[in-house]
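*Asks:* In order, the protein sequences belong to chains A and B.
Numbers in the working numbering are just positions in the first sequence, counted from 1, shifted up by 593.
Numbers in the working numbering are just positions in the second sequence, counted from 1, shifted up by 4.
The structure is given below, and queries will be raised subsequently.
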Amino acid sequence: MSTTDLHISGTQDQHVTGGVSDDAAESTFAEVDDRDRAIPAIEFRDVSLAFDGHSVLDGLSFRVMKGETKIILGGSGTGKSTTIKLVLGLLKPDSGQVFVDGEDITNYSEIQMMRVRRKIGMIFQEGALFDSLSVYDNVAFKLHEQGVPEDQVEPEVRRMLRFVNLEDAIDKMPIELSGGMRRRVGIARALVGDPKIVLFDEPTAGLDPPTARTICELAMKLRDLEDVSSIFVTHEMNNLDYLCTEYAVVNDAGEVVFETEGERLCLVNTKVLMLRDGQIIFNGTDETLKKSDDAYIRRFLRGH
Amino acid sequence: MNFATRALLELQETTLLAARAARGLFKRPRYIPEAIAQMDSIGVGSLTIIILTGFFTGAVLTLQTFPTLKYYGAQDQTGYLVALSLIRELGPVLTALMVAGRVGSAISAELGSMTVSQQIDAMRALGTDPIRKLVAPRILALIVTLPLLTVIADTCGMIGGGTVASLLYGMPFSTYWSSVRDGISSDDIIGGVIKPIVFAVIIGSIACRKGLSTEGGTVGVGRSTTQAVVLGSILAIVADFFLAKALQIILDMPQ
Numbered sequence: 594m595s596t597t598d599l600h601i602s603g604t605q606d607q608h609v610t611g612g613v614s615d616d617a618a619e620s621t622f623a624e625v626d627d628r629d630r631a632i633p634a635i636e637f638r639d640v641s642l643a644f645d646g647h648s649v650l651d652g653l654s655f656r657v658m659k660g661e662t663k664i665i666l667g668g669s670g671t672g673k674s675t676t677i678k679l680v681l682g683l684l685k686p687d688s689g690q691v692f693v694d695g696e697d698i699t700n701y702s703e704i705q706m707m708r709v710r711r712k713i714g715m716i717f718q719e720g721a722l723f724d725s726l727s728v729y730d731n732v733a734f735k736l737h738e739q740g741v742p743e744d745q746v747e748p749e750v751r752r753m754l755r756f757v758n759l760e761d762a763i764d765k766m767p768i769e770l771s772g773g774m775r776r777r778v779g780i781a782r783a784l785v786g787d788p789k790i791v792l793f794d795e796p797t798a799g800l801d802p803p804t805a806r807t808i809c810e811l812a813m814k815l816r817d818l819e820d821v822s823s824i825f826v827t828h829e830m831n832n833l834d835y836l837c838t839e840y841a842v843v844n845d846a847g848e849v850v851f852e853t854e855g856e857r858l859c860l861v862n863t864k865v866l867m868l869r870d871g872q873i874i875f876n877g878t879d880e881t882l883k884k885s886d887d888a889y890i891r892r893f894l895r896g897h
Numbered sequence: 005m006n007f008a009t010r011a012l013l014e015l016q017e018t019t020l021l022a023a024r025a026a027r028g029l030f031k032r033p034r035y036i037p038e039a040i041a042q043m044d045s046i047g048v049g050s051l052t053i054i055i056l057t058g059f060f061t062g063a064v065l066t067l068q069t070f071p072t073l074k075y076y077g078a079q080d081q082t083g084y085l086v087a088l089s090l091i092r093e094l095g096p097v098l099t100a101l102m103v104a105g106r107v108g109s110a111i112s113a114e115l116g117s118m119t120v121s122q123q124i125d126a127m128r129a130l131g132t133d134p135i136r137k138l139v140a141p142r143i144l145a146l147i148v149t150l151p152l153l154t155v156i157a158d159t160c161g162m163i164g165g166g167t168v169a170s171l172l173y174g175m176p177f178s179t180y181w182s183s184v185r186d187g188i189s190s191d192d193i194i195g196g197v198i199k200p201i202v203f204a205v206i207i208g209s210i211a212c213r214k215g216l217s218t219e220g221g222t223v224g225v226g227r228s229t230t231q232a233v234v235l236g237s238i239l240a241i242v243a244d245f246f247l248a249k250a251l252q253i254i255l256d257m258p259q
């Protein structure tokens, strides 16, 4: 059973406050027993990569477990986006291994990677929408490429656009959309086919705080309600606070609401990884990160 | 990396790209609608400039050669000279240059912009191979349309030559046309159609390679576009010489 079920069962069990309901406790053990869930969704083993003799990643090793969100923090040029591109096989490491769902993709050819990429959704920095296609065609791209009949494509596109709250923009061209809307269409496009792994590459950079919040809420919905494993690359601290302290639940009215950690028992399934000059300088929870004595981490968190 | 190594590397990458595009043509999914759309934009879109280029090239050939031919009393051969120059050399080369300028730049700029705005990465992330979706239809469209455009340029050139001969020099159009028909052989026509096929592969693969390897934002797009046009044009002219020699041997033309 997934973490999503865990949260929901906790919420529905209204009389339980501050304790673990029997259902939730059982599901925790069920999770540990499930061997498939013990295989990391993404794993890096001693990955190094250099461009033109300049080292970008230097011996990177980490795991993203099933249903977990891994926030990758770090200044510009520390190798955050490169890490994401390695997962998709858009770049190849010079040494080390990259695993997706327990499968070693390090030496996969472009053709083999196509199959792996279908399991993964990627949200690019600026949305990376196809300029020449409408919002509908952008979101439907994957389905059109797979030759899905048009009468099945439209309901799926509408479902995805509803998820990002943009159904009204279905006939618009990308050029007519604001930055935040483009990012959300990018999210809808990436989520077609319900990938179990989603990669966010600075999805909130350059957006106003409410729009940035909306995008973090989408990431939380994916984590808590859809059991998606994700890597969330960012350098904005408020994203970290949202993702580490809040979780999405469905209330009695069937609406998605966000609750803060501590209101009920909650294990927010988010870990933080911090990079500096292509090396991991921190890997753990947000609480430990905030208590860190490292001068660089403290400066990064405070902003001065 | 020195110049020679860089040039060799580029040659290798461009050849690999063209080879992968060629392999992609025979595998599913096939991008036939994309190829037809490209044929429309490359072929039909280039018609006006090709008709004008062809017509006035033929016209100026007659304008310049008629007085000389007349001096030797060989003005009846004007059609022969114009047709042969056009079909063997000027038609294929000028069409290739015009298409390299118009289409090579457009392909490179479009793919370059898609690369810098991460649309190419997005396409790969969505499980679609950009080489099969974008590169193969463009090269195929060029291979189909460039020979057709060349034939149109040749025809317009011969008509242009005939127009100048009859209007400016008072030569009957029928005399001009019969010397055209006497002058050209099927070998000339075959040679004149094989050349543009080779030029299409050169222009298309260079433009696609330059577009897809764009780096450095909008400035990079400008740089790739310039390189695509310059390299495409130069290599088409260089290839023309070697092709002409090869065709002389293969088709057993007088050397």
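Just so it is clear, CB atoms sit at the ideal spot from N, CA and C, and this is done for glycine as well.
Using 8 Å as the cut-off, can you tell me whether the segment 816 to 826 of chain A makes contact with the segment 755 to 772 of chain A, which would need three or more C-beta pairs spanning the two stretches below that distance?
*Replies:* The segment 816 to 826 of chain A is not in contact with the segment 755 to 772 of chain A.
*Asks:* Please state if the CB of leucine 172 (chain B) and the CB of leucine 90 (chain B) are separated by a distance shorter than 9 Å.
*Replies:* No, Cβ-Cβ distance for leucine 90 (chain B) and leucine 172 (chain B) is not below 9 Å.
*Asks:* For aspartate 191 (chain B), I'd like the list of residues in its chain whose CB is within less than 7 Å of its CB, leaving aside the five on either flank, ordered along the chain.
*Replies:* Closer than 7 Å at the Cβ level, and outside the excluded window around aspartate 191 (chain B), lie Leu255, Met257.
*Asks:* Which chain A residues are close to aspartate 125 (chain B), counting only those with a beta carbon under 9 Å from its beta carbon?
*Replies:* Chain A residues near aspartate 125 (chain B): Lys678, Leu681, Leu683, Met715, Phe717, Ala721.
*Asks:* Going by alpha carbons, who is nearest to glutamine 42 (chain B) out of B:Leu239, B:Leu144, B:Gln16, B:Ile253?
*Replies:* It is B:Leu144 whose Cα lies nearest to the Cα of glutamine 42 (chain B).
*Asks:* Under 9 Å, Cβ to Cβ, is there at least one residue of chain B near phenylalanine 734 (chain A)?
*Replies:* Closer than 9 Å: yes.
*Asks:* Could you check what DSSP says for lysine 659 (chain A) in three-state terms: helix, strand or coil?
*Replies:* Lysine 659 (chain A) falls in the coil class under three-state DSSP.
*Asks:* Rounded to the nearest angstrom, what separates alanine 113 (chain B) and glutamate 636 (chain A) at their Cα positions?
*Replies:* Approximately 37 Å between the Cα atoms of the pair.
*Asks:* Just to confirm, is the Cβ distance from valine 86 (chain B) to glycine 215 (chain B) under 9 Å?
*Replies:* Cβ distance not < 9 Å, so valine 86 (chain B) and glycine 215 (chain B) don't count as in contact.
*Asks:* Rank A:Met766, A:Met706, A:Gln690 by C-alpha distance to the C-alpha of glycine 652 (chain A) and give the top, closest one.
*Replies:* For glycine 652 (chain A), the nearest C-alpha among the options comes from A:Gln690.
*Asks:* Given that glycine 740 (chain A) touches chain B, what residues does it touch there, using C-beta distances under 8 Å?
*Replies:* What glycine 740 (chain A) touches in chain B: Pro33.
*Asks:* The alpha helix (DSSP H) spanning tyrosine 4 (chain B) covers which residue range?
*Replies:* Lying before the first or after the last residue shown, residue 4 (chain B) is absent from chain B, which here runs from 5 to 259.
*Asks:* Starting from serine 121 (chain B), find everything on chain A with Cβ-Cβ shorter than 8 Å and list it in chain order.
*Replies:* Going along chain A in sequence order, the residues near serine 121 (chain B) (Cβ under 8 Å) are Glu719, Ala721, Asp724.
*Asks:* Got a sec: which bits of the segment 126 to 150 of chain B sit with their beta carbon under 9 Å from any beta carbon on chain A, in order along the chain?
*Replies:* Cβ contacts with chain A come from Ala126, Met127, Arg128, Ala129, Leu130, Gly131, Thr132, Asp133, Ile135, Lys137.
*Asks:* When burial is assigned at 16 or more other CB atoms within 10 Å of the CB, is glutamine 705 (chain A) buried or exposed?
*Replies:* Glutamine 705 (chain A) should be labelled exposed.
*Asks:* Compute the Euclidean distance between the alpha carbons of glycine 847 (chain A) and arginine 755 (chain A), then round it to the nearest angstrom.
*Replies:* So the two alpha carbons sit approximately 15 Å from each other.
*Asks:* According to DSSP, is aspartate 244 (chain B) part of a helix, a strand, or is it coil?
*Replies:* Aspartate 244 (chain B): helix per DSSP, three-state reduction.
*Asks:* Give the secondary structure of aspartate 133 (chain B) by DSSP, where H, G and I count as helix, E and B as strand, and everything else as coil.
*Replies:* Reduced to three states, the DSSP call for aspartate 133 (chain B) is coil.
*Asks:* Using CA atoms only, rank isn't needed, just tell me which of A:Asn844, A:His828, A:Asp639, A:Gly786 is closest to glycine 668 (chain A).
*Replies:* The shortest Cα separation from glycine 668 (chain A) among A:Asn844, A:His828, A:Asp639, A:Gly786 belongs to A:His828.
*Asks:* Tell me the residue span of the alpha helix (DSSP H) that contains isoleucine 698 (chain A).
*Replies:* Where isoleucine 698 (chain A) is concerned, there is no enclosing alpha helix (DSSP H), given that its DSSP letter is neither H nor E.
*Asks:* Tell me the DSSP secondary structure of isoleucine 632 (chain A) in three-state form.
*Replies:* Of the three classes helix, strand and coil, the one that applies to isoleucine 632 (chain A) here is coil, per DSSP.
*Asks:* Give the secondary structure of isoleucine 713 (chain A) by DSSP, where H, G and I count as helix, E and B as strand, and everything else as coil.
*Replies:* Isoleucine 713 (chain A) falls in the strand class under three-state DSSP.
*Asks:* Closer than 9 Å, CB to CB, is methionine 162 (chain B) near chain A or not?
*Replies:* No, because no Cβ of chain A sits closer than 9 Å to the Cβ of methionine 162 (chain B).
*Asks:* With a cut-off of 9 Å, does the C-beta of methionine 118 (chain B) fall near any C-beta of chain A?
*Replies:* Yes, methionine 118 (chain B) lies at the interface with chain A (some Cβ there is under 9 Å from its Cβ).
*Asks:* Which same chain residues end up closer than 6 Å to threonine 154 (chain B) when comparing Cβ atoms and leaving out the 5 residues on each side of it in sequence?
*Replies:* Cβ within range, chain order: Gly95, Pro96, Thr99, Pro200.
*Asks:* Does DSSP put lysine 673 (chain A) in a helix, in a strand, or in coil?
*Replies:* Here lysine 673 (chain A) sits in helix by DSSP.
*Asks:* Can you tell me which of the three DSSP states glutamine 739 (chain A) falls into?
*Replies:* It is coil, neither helix nor strand.
*Asks:* Is there a Cβ from chain B that is less than 9 Å from the Cβ of arginine 777 (chain A)?
*Replies:* Not closer than 9 Å to any Cβ of chain B, the Cβ of arginine 777 (chain A) fails to qualify, so no.
*Asks:* Which class does lysine 249 (chain B) belong to by DSSP, given the choice of helix, strand or coil?
*Replies:* Of the three classes helix, strand and coil, the one that applies to lysine 249 (chain B) here is helix, per DSSP.
*Asks:* Can you check whether the CB of phenylalanine 692 (chain A) is closer than 9 Å to the CB of arginine 638 (chain A)?
*Replies:* Result yes, Cβ atoms of arginine 638 (chain A) and phenylalanine 692 (chain A) sit closer than 9 Å.
*Asks:* Can you tell me whether serine 117 (chain B) is buried or exposed, with buried defined as 16 or more other CB within 10 angstroms of its CB?
*Replies:* Counting Cβ neighbours within 10 Å, serine 117 (chain B) comes out buried, since at least 16 surround it.
*Asks:* Within the 9 Å Cβ cut-off, does methionine 753 (chain A) reach chain B?
*Replies:* It does not: the Cβ of methionine 753 (chain A) has no partner Cβ on chain B nearer than 9 Å.
*Asks:* Between leucine 152 (chain B) and leucine 29 (chain B), what straight-line distance do the alpha-carbon atoms span, to the nearest angstrom?
*Replies:* Those two C-alpha atoms are separated by around 21 Å.
*Asks:* Residues of chain B with a CB under 9 Å from the CB of methionine 707 (chain A): which are they?
*Replies:* Going along chain B in sequence order, the residues near methionine 707 (chain A) (Cβ under 9 Å) are Arg128, Gly131, Thr132, Asp133.
*Asks:* Which residues of chain B have a Cβ atom closer than 8 Å to the Cβ of serine 743 (chain A), listed in chain order?
*Replies:* Inspection of the sequence shows that residue 743 (chain A) is occupied by glutamate rather than by serine. Residues of chain B passing the Cβ test: none, with the nearest at roughly 14 Å.
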